[in-house]
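Quick notes on the structure that follows.
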Amino acid sequence: MNKYAIIDIGGKQLRVEQGRFHDARHFAPARPVLTSNTKISINRVLLIRHGSSINFGYPWLGDAVVRGRILHGCFKKKLVIQKIHSKKKTRRTLGYRENMTRFVVDSIHFGGKDLNKS
88 MNKYAIIDIG GKQLRVEQGR FHDARHFAPA RPVLTSNTKI SINRVLLIRH
138 GSSINFGYPW LGDAVVRGRI LHGCFKKKLV IQKIHSKKKT RRTLGYRENM
188 TRFVVDSIHF GGKDLNKS
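Numbering (the working numbering), first residue to last: 88 to 205.
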């Protein structure tokens, strides 16, 4: 598609399009509890591409908003950590899964109009 935005969320930069879902690591909500179908609005938009025009922000675009909703909380793939002392015959295995929040992008707004409808 030629309509997408690059947003800053959770310390990462994500390329988002309408209708696709994405996983965010640290989601700082206005409400303390995020449930499914909670509407979100992301103002940290770094770049918007609409057809052949590209708009950059320094560092963010002031009048750009990405709107979406939370689908559910999920986990990242498990990371296995092993610590082995070869001469002492000791092994320690730990697992770690990072909490993620899965959200879907409903619309991208720039300059007061919805880019996905035009």
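Virtual Cβ for every residue (Gly too), placed ideally from N, Cα, C. It should be emphasised that the depicted structure is a prediction, and the values quoted were computed from it without experimental measurement.
Taking the beta strand (DSSP E) that residue i belongs to, which residues open and close that run?
i: Gln100; result: 99 to 103
i: Leu121; result: Segment: none, Leu121 is in no beta strand (DSSP E) and carries neither H nor E.
i: Arg189; result: 186 to 197
i: His137; result: 132 to 137
i: His109; result: 108 to 111
Would you decide whether residue i is buried or exposed? Buried here means 16 or more other CB atoms lie within 10 Å of its CB.
i: Thr180; result: exposed
i: Gly155; result: buried
i: Phe190; result: buried
i: Val132; result: buried
i: His109; result: buried
i: Thr122; result: exposed
i: Thr177; result: exposed
DSSP puts residue i in a beta bridge; with which residues?
i: Phe95; result: It should be pointed out that residue 95 corresponds to Asp in this sequence rather than to Phe. Paired residues: Gln100.
i: Lys200; result: Phe197
Does the distance from the C-beta atom of residue i to that of residue j stay below 7 Å?
i: Gly152; j: Val192; result: One point to set straight first is that residue 152 is Val, not Gly, in the sequence displayed. No, these two residues do not count as a Cβ contact at 7 Å.
i: Ala111; j: Ile96; result: yes
Just list the alpha helix (DSSP H) runs in the segment 143 to 183, keeping only unbroken ones of 4 residues or longer that don't cross its boundaries, in chain order. none
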